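Quick notes on the structure that follows.
In our numbering, the protein residues as written are 666 to 869.
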């Protein structure tokens with residue numbers, strides 16, 4: 666009888682020890698999974714400190730905000746590339762900033778326009794170019810965009826309005842001072858750049 670009691674106590678102790686081990690493994694696994702999820706969620710979010718004041722930061726989910734950042738980046742690039750004044754230093758400054766937002770396709774387009782005398786014509790005719798964005802369509806799964814805008818060219822003798830349609834793809838890159846959205850436009854090209862109107866000015 667004594668031996669049976671001892672054997673029962675040994676089995677009970679073994680069962681309790683084994684059960685404790687299983688519980689510890691389960692708790693550890695749950696804690697690891699929870700911690701991994703917390704870290705993953707934190708990596709998906711950005712935190713903004715308002716005006717460098719140590720207040721509670723606002724948290725925004727990057728995936729929810731990304732399409733808006735893509736459109737803002739596309740809009741900024743086109744504004745830099747096409748909104749110009751008859752000042753060679755200003756044109757150079759605009760192009761330099763625009764090239765941070767686009768791959769070699771942007772430089773190729775710039776060189777083509779330069780070879781065709783586009784920038785020289787701006788200087789010689791004292792033209793002021795202003796770009797107005799109509800819309801930007803975005804295919805999120807493909808990271809493809811199409812830009813629709815109107816380019817106003819204000820010359821001494823006339824005001825020309827052109828339709829501008831371009832397309833390209835978007836690539837996520839690390840954020841920087843020169844590329845605050847962390848987006849690189851790739852394979853960019855112009856699909857349409859044609860005159861819509863040419864209004865002559867009255868020169869007296």
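We treat Cβ as the ideally placed atom computed from N, Cα and C, and that holds for glycine.
This structure is a prediction, so every number in the text was calculated from the model and none was measured.
Three or more pairs of CB atoms, one per stretch, sit closer than 8 Å, so the stretch 851-858 contacts the stretch 815-829. Residue 763 sits away from residue 783, with the two beta carbons spaced by 8 Å or more.
Distances from the CA of residue 845 to each of 773, 731, 681, 688 were compared; the closest alpha carbon is that of 731. By the 16-neighbour rule on beta-carbons within 10 angstroms, residue 697 is exposed.
Counting the other Cβ atoms within 10 Å of the Cβ of residue 771 gives 16 or more, which makes it buried. Runs of the beta strand (DSSP E) lying entirely within the stretch 783-849, each at least 3 residues long, are 793-804, 809-819, 823-837 in chain order.
Residue 752 is not bridged by DSSP to any residue.
For residue 768, the three-state secondary structure derived from DSSP is coil. Straight across, the Cα-Cα distance linking residue 798 with residue 737 is about 11 Å. Note: residue 777 is not bridge-paired with any residue in the DSSP secondary-structure output.
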